[in-house]
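>
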Amino acid sequence: MKGAVTRILATRPAAHNKSWAQGLSDLGYKVCRVPLLSIEPLSLQQEPSIRAAMADLDHYEYLIFVSMNAVKAMFDVVDLWWPELPVRQRYLAVGAATERSLKQQLMNYGVAAEVLCHSEMNSEGLLALAELQAVEHKKILICRGRGGRPLLAQVLEERGAQVDYCELYERAVPQELKQQLSEYQPTKDDILPVFSGEALNNFSELETCRDIHVLVPSERVKQQALTLGFTQISVAENASEASMLDAIQKATSN
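When the letters of the sequence shown are read in order and numbered with our numbering, they come out as residues 44 to 297.
#1: Less than 8 Å between the CB atoms is what I'm expecting for arginine 214 and leucine 80, so what's the real figure, rounded?
#2: By Cβ distance, which residues of its chain are closer than 7 Å to glutamate 210, with the 5 residues on each side in sequence left out?
#3: With a cut-off of 8 Å on the beta carbons, I'd call serine 286 and alanine 279 a contact; round off their distance for me.
#4: Helix, strand or coil for serine 283, going by three-state DSSP, please let me know.
#5: Please classify glutamate 174 as buried or exposed, where buried requires at least 16 other C-beta atoms within 10 Å of its C-beta.
#6: Got a sec? Which residues, its chain only, sit under 8 Å from glycine 46 by beta carbon, not counting five neighbours each side?
#7: Use the C-beta contact count for glutamine 267: other C-beta atoms within 10 angstroms, 16 or more gives buried, fewer gives exposed.
#8: Quick check: the Cα distance between alanine 95 and phenylalanine 108, rounded to an integer number of angstroms?
#9: Measure the C-alpha to C-alpha separation of lysine 73 and alanine 64 and round it to an integer number of angstroms.
#10: Going by Cα to Cα distance, which pick from Pro78, Ile51, Ile183, Leu149 is closest to histidine 102?
#11: Please list, in chain order, all residues of the same chain as serine 166 whose beta carbon is under 7 Å from its beta carbon, the five residues on each side excluded.
#12: Suppose you measure from the CA of serine 15 to the CA of proline 229; what does that come to, to the nearest Å?
#13: Can you give me the C-alpha to C-alpha distance between leucine 199 and alanine 171, rounded to a whole angstrom?
#14: Give me the residue from Val206, Gln275, Trp125, Leu100 with the minimum Cα distance to asparagine 151.
#15: Mark arginine 55 as exposed unless 16 or more other C-beta atoms lie within 10 angstroms of its C-beta, in which case mark it buried.
#16: Using the beta-carbon count (16 or more within 10 Å), is proline 236 buried or exposed?
#17: Residues in the same chain with beta-carbon distance under 6 Å from proline 217, minus the five sequence neighbours each way, listed in chain order, please.
#18: Quick one: is lysine 146 buried, meaning 16 or more other Cβ sit within 10 Å of its Cβ, or exposed?
#19: Cα-Cα, which of Ser277, Glu104, Gly153, Val259 is closest to histidine 180?
#20: Considering glutamine 205, what are the terminal residues of the alpha helix (DSSP H) in which it resides?
#21: Measuring alpha carbon to alpha carbon, tell me which of Leu258, Glu157, Ala156, Ala290 ends up nearest glutamine 275.
#22: Can you give the Cα-Cα distance for leucine 224 and phenylalanine 273, rounded to whole angstroms?
#23: Quick one: residues in its chain with C-beta nearer than 6 Å to the C-beta of glutamine 197, no 5 flanking neighbours on either side, listed in chain order?
#24: Any idea what DSSP makes of isoleucine 255, helix, strand or coil?
#25: From the DSSP output, in three-state form, read off glycine 168 for me.
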């Protein structure tokens with residue numbers, strides 16, 4: 044590894060952060076684990092859309108999963124409701140990691156259905172797929188966390204689809220984040236890879252350092268970083284770990 048980077052802050056949610064941090068360490072980087080988001084599953088009692096989706100699952104023609112967290116949380120619930128998956132449904136995923144996770148879950152059910160994904164790994168890319176152009180009167184379920192971007196539903200509804208959400212988890216600020224940031228004291232020589240705008244928001248609300256080198260997964264999050272006052276910003280090709288790692292290596296090879 045070239046360059047004089049002091050540290051890289053590994054910021055993924057805890058379930059994914061250990062392997063991400065280990066991969067960075069294996070390449071010789073100094074790594075501090077600082078998860079900027081925690082993922083909290085929602086119960087049937089907390090989120091009525093889960094029960095509604097389970098009761099009506101076989102009526103949906105398209106199931107869209109926006110993240111690996113959505114895949115896991117959805118199938119944890121599906122396992123309790125459906126001994127066999129409904130047939131003749133189309134499956135779509137935002138991002139290659141979500142696609143792989145969804146394929147594995149389908150295989151666990153003995154289903155070899157195709158999972159559609161777009162190389163851009165975002166909502167805009169998914170909406171560009173040919174399969175989502177003529178969706179008038181189609182019933183579509185979007186599996187996601189509570190809140191999040193409304194773009195998918197808005198565009199699909201404009202195209203005439205009937206769209207429902209199944210909100211399976213919520214993103215929160217980890218309880219220990221403030222203490223961790225105080226302990227690590229980020230500086231301008233560190234690199235902060237963030238995989239979402241929400242993670243960047245959580246960092247900015249608790250940390251005043253604005254000249255840290257931020258790596259973001261898209262132009263949209265870059266604009267958010269600029270608005271928040273960050274001055275060193277690099278943009279990865281997408282939010283995959285491979286693309287973020289490539290951006291880190293480019294930043295540390297100068």
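Glycine included, C-beta positions come from ideal geometry on N, C-alpha and C. In this text the structure is predicted, and so the values were computed from the model without any measurement.
Based on what the coordinates show:
#1: Position 171 of the sequence shown, counted from the first residue, corresponds to residue 214. Position 37 of the sequence shown, counted from the first residue, corresponds to residue 80. That pair is a contact at about 5 Å.
#2: As a first step, residue 210 is located in the sequence shown; it is residue number 167 there, counting from the start. Correct list, in chain order: Leu85, Glu90, Ser92, Arg187, Gly188, Arg189.
#3: Reading the sequence shown from its first residue, position 243 is the one you call residue 286. Reading the sequence shown from its first residue, position 236 is the one you call residue 279. That belief holds up - the Cβ atoms of serine 286 and alanine 279 are roughly 4 Å apart, short of 8 Å.
#4: As a working mapping, residue 283 is identified with position 240 in the sequence shown. DSSP places serine 283 in coil when its eight states are reduced to three.
#5: Here residue 174 corresponds to residue number 131 of the sequence shown, with the count starting at 1. Looking at its Cβ environment, which holds fewer than 16 other Cβ atoms inside 10 Å, glutamate 174 is exposed.
#6: Taking the sequence shown and counting its residues from 1, the one referred to as residue 46 is at position 3. Annotation note: pLDDT 45 at glycine 46 (below 50); position unreliable, no value reported.
#7: Within the sequence shown, the letter at position 224 stands for residue 267. It is buried - the Cβ of glutamine 267 has at least 16 other Cβ atoms within 10 Å.
#8: Locating residue 95 in the sequence shown gives position 52, where the first residue counts as 1. Locating residue 108 in the sequence shown gives position 65, where the first residue counts as 1. So the alpha carbons of these two residues sit roughly 17 Å apart.
#9: In the sequence shown, counting from the first residue as 1, residue 73 sits at position 30. In the sequence shown, counting from the first residue as 1, residue 64 sits at position 21. The straight-line gap separating the alpha-carbon atoms of lysine 73 and alanine 64 is approximately 9 Å.
#10: Position 59 of the sequence shown holds residue 102. It is Ile183 whose Cα lies nearest to the Cα of histidine 102.
#11: Walking along the sequence shown from the start, residue 166 turns up at place 123. The answer, listed in chain order, is Val137, Arg192, Leu194, Leu195.
#12: Past the edges of the chain, shown from 44 to 297, lies residue 15, and the structure says nothing about it.
#13: For the purposes of this step, residue 199 is identified with residue 156 of the sequence shown, where counting begins at 1. For the purposes of this step, residue 171 is identified with residue 128 of the sequence shown, where counting begins at 1. Taking the straight line joining both Cα atoms gives about 11 Å.
#14: By one-based count along the sequence shown, residue 151 stands at place 108. That would be Trp125, whose Cα lies nearest to the Cα of asparagine 151.
#15: For the purposes of this step, residue 55 is taken as the residue at position 12 of the sequence shown. Buried is the call here.
#16: Against the sequence shown, residue 236 aligns to sequence position 193. By the C-beta density criterion, proline 236 is buried, having at least 16 other C-beta atoms within 10 angstroms.
#17: Within the sequence shown, numbered from 1, the residue matching residue 217 stands at position 174. Answer for proline 217: Pro78, Ser81, listed in chain order.
#18: By one-based count along the sequence shown, residue 146 stands at place 103. It counts as buried.
#19: Against the sequence shown, residue 180 aligns to sequence position 137. For histidine 180, the nearest C-alpha among the options comes from Glu104.
#20: Start at 1 with the first residue of the sequence shown, and residue 205 comes out as number 162. Element bounds for glutamine 205: not the alpha helix (DSSP H) but the beta strand (DSSP E), 205-215.
#21: Numbered from 1 along the sequence shown, position 232 holds the residue referred to as residue 275. Comparing Cα-Cα distances from glutamine 275 to each of Leu258, Glu157, Ala156, Ala290, the minimum goes to Leu258.
#22: Residue mapping note: residue 224 aligns to position 181 of the sequence shown, counting from 1. Residue mapping note: residue 273 aligns to position 230 of the sequence shown, counting from 1. Each residue's alpha carbon lies about 17 Å from the other.
#23: The sequence position of residue 197 within the sequence shown is 154, counting from 1. Contacts found: none.
#24: For the purposes of this step, residue 255 is taken as residue 212 along the sequence shown, with counting starting at 1. When DSSP states are grouped into helix, strand and coil, isoleucine 255 belongs to the coil group.
#25: For the purposes of this step, residue 168 is identified with residue 125 of the sequence shown, where counting begins at 1. Glycine 168 falls in the helix class under three-state DSSP.
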